[in-house]
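The next block holds one structure in the form of structure tokens; read it before the comments.
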Amino acid sequence: MDFKYIKDLSNIEISKIILILLLIGSMLLAGGCIDSKEPDQQIGELNFILVPEKTQVQEGEIFKIHLMLTNVGNKTINVWKMEEQVSYDINFLFPNGSKVPYECGVISRVPLNNDDLVELHPGQSLNATFNSKCWNLDNGEYILNAVYHTSRGESITKPYWIGMAESNNFTIDVVNGKEPIELAVEDVDNTTGKINIAVSGELEFLSYEDLSDRSDIILIGTVKEVLPSKWNTADGMRPTDDIYDLGWHDVLYTDVIISVGGYLKNPLPEKEVIVRIQGGSDGYVSIDAEDEASFSPLERVFLYLNNDTWTDTKDFGPEHFVVTGASQGKFTLTDDGRVTQFDRSLTLDELLETI
Numbered sequence: 001m002d003f004k005y006i007k008d009l010s011n012i013e014i015s016k017i018i019l020i021l022l023l024i025g026s027m028l029l030a031g032g033c034i035d036s037k038e039p040d041q042q043i044g045e046l047n048f049i050l051v052p053e054k055t056q057v058q059e060g061e062i063f064k065i066h067l068m069l070t071n072v073g074n075k076t077i078n079v080w081k082m083e084e085q086v087s088y089d090i091n092f093l094f095p096n097g098s099k100v101p102y103e104c105g106v107i108s109r110v111p112l113n114n115d116d117l118v119e120l121h122p123g124q125s126l127n128a129t130f131n132s133k134c135w136n137l138d139n140g141e142y143i144l145n146a147v148y149h150t151s152r153g154e155s156i157t158k159p160y161w162i163g164m165a166e167s168n169n170f171t172i173d174v175v176n177g178k179e180p181i182e183l184a185v186e187d188v189d190n191t192t193g194k195i196n197i198a199v200s201g202e203l204e205f206l207s208y209e210d211l212s213d214r215s216d217i218i219l220i221g222t223v224k225e226v227l228p229s230k231w232n233t234a235d236g237m238r239p240t241d242d243i244y245d246l247g248w249h250d251v252l253y254t255d256v257i258i259s260v261g262g263y264l265k266n267p268l269p270e271k272e273v274i275v276r277i278q279g280g281s282d283g284y285v286s287i288d289a290e291d292e293a294s295f296s297p298l299e300r301v302f303l304y305l306n307n308d309t310w311t312d313t314k315d316f317g318p319e320h321f322v323v324t325g326a327s328q329g330k331f332t333l334t335d336d337g338r339v340t341q342f343d344r345s346l347t348l349d350e351l352l353e354t355i
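All the letters of the sequence shown, read from the start, carry residue numbers 1 to 355 under the UniProt record's numbering.
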């Protein structure tokens with residue numbers, strides 16, 4: 001179209017042409033928006049838990065890292081499948097907070113689609129297991145955590161949860177491969193006891209879910225030290241030399257120091273906690289409370305704990321916890337990734353799913 005012809009057009013005709021062009025442009029823009037429409041974002045509440053196979057390892061030792069993503073909200077949501085570098089990242093941190101370099105390289109991938117979504121109902125969990133092979137961990141102490149994350153910009157058309165969920169922290173101690181792991185341990189000496197008293201009672205059965213619901217904290221750790229037993233007196237000594245004068249409220253207890261590898265419920269800043277059990281030995285009197293949990297030096301444990309509210313022991317000695325449901329709230333972790341209690345054995349993932 002030449003300029004002479006444009007000049008010959010009336011103002012009304014020019015306005016019509018401009019209007020048509022604007023309509024065509026609007027249609028093109030609208031079409032582009034329809035093609036690139038992002039999926040709706042779902043609102044939900046997720047809990048992301050990390051549990052290492054071990055919290056004390058030797059240099060070069062590879063250990064498993066268990067992950068569990070749980071829908072703790074009241075709505076069913078779509079989430080990304082658990083895949084390292086895609087939906088979650090594992091981090092090892094130096095004491096100064098900087099990250100240990102990731103040695104396995106960054107993966108390349110195609111955009112995710114609807115097949116990469118998992119429908120997660122309230123209370124349901126997704127589990128994944130990775131390992132420490134991608135980090136060079138020298139002698140020292142590290143913080144281990146993980147982050148679950150989703151974002152837009154994929155080829156997904158269904159609505160899904162978009163956001164980030166951070167896991168709990170675990171402390172990982174790495175020692176020189178030529179040196180054994182050493183912890184200060186002092187065993188209670190029962191060999192000189194002259195009087196043995198057995199104490200028993202009836203316990204209310206607690207399911208795994210009951211243990212979780214009724215516990216103030218849940219943790220994984222290692223038995224660092226079993227302290228000498230004490231009586232609930234000001235000086236910790238037996239209140240009378242005549243055992244027949246001992247009353248119902250005269251209690252012998254034993255404190256156990258636990259090196260915390262990580263908290264799974266209500267994390268505390270302390271790296272050590274004291275767990276108090278009834279019974280023990282003062283060198284002359286030995287009391288065996290058969291329903292109480294027992295602890296061995298260097299034992300790796302999974303513990304459900306409560307604040308001590310028992311009048312006869314709560315105000316004696318340092319701040320401490322008691323095992324929820326007595327022996328029911330203590331599990332032993334084995335090297336093959338299982339937890340044992342009495343004659344029962346289950347995988348760590350199975351127990352984590354009940355929290």
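C-beta atoms are modelled at their ideal positions from N, C-alpha and C, and glycine is treated no differently.
**Request:** Could you check which residue in S259, F316 and Y208 has the C-alpha nearest to that of G329?
**Result:** Checking every option, the nearest Cα to that of G329 belongs to Y208.
**Request:** Output yes or no for whether 8 Å exceeds the beta carbon distance between I90 and E84.
**Result:** yes
**Prompt:** For D288, which residues from the same chain have a beta carbon less than 8 Å from its beta carbon, with the 5 sequence-adjacent residues on both sides left out?
**Reply:** N196, I197, A198, V199 and G279
**Asked** Taking C-alpha atoms, which residue in R152, V275 and A128 lies nearest to H66?
**Response** Taking H66 as reference, the option from R152, V275 and A128 with the minimal CA-CA separation is A128.
**Reference L264; option with closest CA among I220, S229 and D336** = I220
**Message:** Just to confirm the assignment, what range does the alpha helix (DSSP H) spanning L352 have?
**Reply:** Element bounds for L352: L348 to L352.
**Request:** Identify which residue in F170, D250 and R338 has its Cα closest to the Cα of E272.
**Result:** Nearest option by C-alpha distance: F170.
**Close Cβ partners of S151 (< 8 Å) along its chain, the five nearest in sequence each way excluded** = Taking S151 as the centre and dropping the five residues before and after it, the same chain places the C-beta of I162 closer than 8 Å to its C-beta, in chain order.
**Asked** Start and end of the beta strand (DSSP E) containing residue 370?
**Response** No answer is possible for residue 370: it lies beyond the span of the chain, which begins at 1 and ends at 355.
**Asked** How big is the Cα-Cα spacing for I181 and V57?
**Response** Note that I181 scores 39 on pLDDT, short of 50, meaning its location in the model is unreliable; the coordinates nonetheless yield the value given after this. The alpha-carbon of I181 is positioned some 8 Å away from that of V57.
**Prompt:** If we ignore side chains and look at the alpha-carbon of each, how far apart do W310 and V323 end up?
**Reply:** Using only the alpha carbons, I get a separation of about 12 Å.
**Request:** Starting from S212, follow the beta strand (DSSP E) in both directions and report where the run begins and ends.
**Result:** First-last for S212: Y208 to R214, but that is the alpha helix (DSSP H), not the beta strand (DSSP E).
**Prompt:** So, helix, strand or coil for I218, using DSSP?
**Reply:** strand
**Message:** Alpha carbons only, please: which of D312, G283, H149 and L211 is nearest the one belonging to G247?
**Reply:** D312
**Prompt:** Between V260, Y284 and F321, which lies nearest to E299 when the distance is taken from Cα to Cα?
**Reply:** V260
**Prompt:** Should I277 and K224 be called a contact, given that it needs their Cβ atoms to be closer than 8 Å?
**Reply:** no
**Candidates P39, S108, E319 and G337: closest to N114 by CA position** = P39
**Asked** Where do the N-terminal and C-terminal ends of the beta strand (DSSP E) with A165 fall, by residue?
**Response** M164 to E166
**Item:** Limits of the unbroken beta strand (DSSP E) element including G262
**Value:** Counting along the chain, the beta strand (DSSP E) containing G262 begins and ends at L252 to K265.
**Interface flag, K230 vs chain B, CB-CB below 8 Å** = Structure shown: chain B not included; a single protein chain is present.
**Prompt:** Can L303 and I218 be called in contact, C-beta distance under 8 Å?
**Reply:** yes
**Prompt:** Would you report the Cα separation of N111 and V79, rounded to the nearest angstrom?
**Reply:** The residue asked about is misnamed: residue 111 is Pro in this sequence, not Asn. Looking at the two C-alpha atoms, the distance is approximately 15 Å.
**Request:** Please classify R214: is it buried, with 16 or more other beta-carbons within 10 angstroms of its beta-carbon, or exposed?
**Result:** exposed
**Request:** Measure how close the beta-carbons of L120 and T76 come, nearest whole angstrom, since I'm counting them as under 8 Å.
**Result:** 7 Å
**Prompt:** Out of curiosity, what's the CA-to-CA distance linking F88 and Y148?
**Reply:** A quick correction: the sequence has Tyr, not Phe, at residue 88. Just so you know, the alpha carbons of Y88 and Y148 end up roughly 4 Å apart.
**Asked** Are F92 and L126 close, meaning C-beta to C-beta below 8 Å?
**Response** no
**Request:** Confirm, please, whether the CB-CB distance from S155 to F48 is below 8 Å.
**Result:** no
**Request:** Can you tell me which of G97, L305 and C134 puts its alpha carbon nearest to the alpha carbon of V106?
**Result:** C134
**Item:** CB of A317 within 8 Å of CB of K230, strictly
**Value:** In the sequence on display, residue 317 carries Gly and not Ala. Yes, they are a contact pair.
**Prompt:** Skipping 5 residues on each side, what residues in its chain have a beta carbon closer than 6 Å to that of L206?
**Reply:** Excluding five sequence positions before and after L206, the CB atoms of its chain that fall closer than 6 Å to its own CB belong to G325 and Q328, given in chain order.
**Prompt:** Residues in its own chain within less than 6 Å of V100 by CB, not counting five upstream and five downstream?
**Reply:** F92 and W135
**Asked** Secondary structure at I277, three-state DSSP: helix, strand or coil?
**Response** strand
**Request:** Return the CA-CA distance between G337 and D173, expressed in angstroms with no decimal places.
**Result:** 18 Å
**Request:** Note the first and the last residue of the continuous beta strand (DSSP E) segment covering D89.
**Result:** Y88 to L93
**Asked** Which of the three DSSP states, helix, strand or coil, is assigned to S345?
**Response** In the three-state scheme derived from DSSP, where H, G and I count as helix and E and B as strand, S345 is classed as strand.
**Asked** Residues in its own chain within less than 8 Å of L117 by CB, not counting five upstream and five downstream?
**Response** N78, V79, W80, K81, I156, K158 and Y160
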